[in-house]
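Here's the structure we're looking at; comments come further down.
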Amino acid sequence: MSARQRINAAVALLNWLAAHDLTLDTCQQADLDRWLTDDSATYRQTAGHFIRWACTNKLTTVHVPAVRRNGPTQPLDDEHRWKVARRLLHDDAVKPEVRLAGLLLLLYAQGPSDINRLTIEDVEVGAQEVRLHLGDAPVQLPEPVAALARAVAANRKGQATIGALAPSP
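Numbering-wise, the numbering used here puts 102 at position 36 of the sequence shown, and it's gapless, one number per residue.
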């Protein structure tokens, strides 16, 4: 879930509260329940993050239970997994960093949070090989995964580098 979705959810709830002459402080559980069951309400599940944050920071007393996501209902079958991997290997319409992340997930069982924590220090680009530190020992990446890793390392950028003169690690 993106930050944009969470912000839109908070705005949707705050707009609804304002339209009903309420604030976070004056909102009662019955008001929140009315919004959660309103057919016109948007971002209901996503707004839960904002409501729990507001409650934790003592901005409101209302609460909404967390929704547990259990992930996919069934694992990908091998043929589908390889079809997606082939697309990620060869589809230049997909950004290289997205392709590499998808391949690390599919082929190396790296979760999104593990992939997100990778830095340039985890990538060893040599003349003949590319090694990636995914655990205790580096893994040598085969071509064309290695080519993708080289491209991402050479052209890296990060969202946290707005206004920075150097690329993100």
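Each residue gets a CB set at the ideal place from its N, CA and C atoms; glycine is no exception.
No experiment lies behind these values; they were computed from the predicted model shown.
When secondary structure is reduced to three states using DSSP, leucine 173 falls in the helix class. Here the C-alpha atom of phenylalanine 116 lies approximately 8 Å from the C-alpha atom of alanine 75. Taking 8 Å as the cut-off, the beta carbon of valine 128 is found no closer than this to the beta carbon of glutamine 176. For arginine 183, the three-state secondary structure derived from DSSP is coil. With a cutoff of 8 Å on beta-carbon distance, leucine 88 and aspartate 97 are scored as near each other. If you ignore the 5 residues before and after glycine 168, its C-beta comes within less than 6 Å of the C-beta of Leu154, all in its own chain and listed in chain order. Residue environment analysis places tryptophan 101 among the buried positions, since at least 16 neighbouring C-beta atoms fall within 10 angstroms of its C-beta. The Cβ atoms of tryptophan 82 and alanine 107 lie closer than 8 Å to each other. Histidine 129 carries a coil assignment under DSSP once its states are collapsed to helix, strand and coil.
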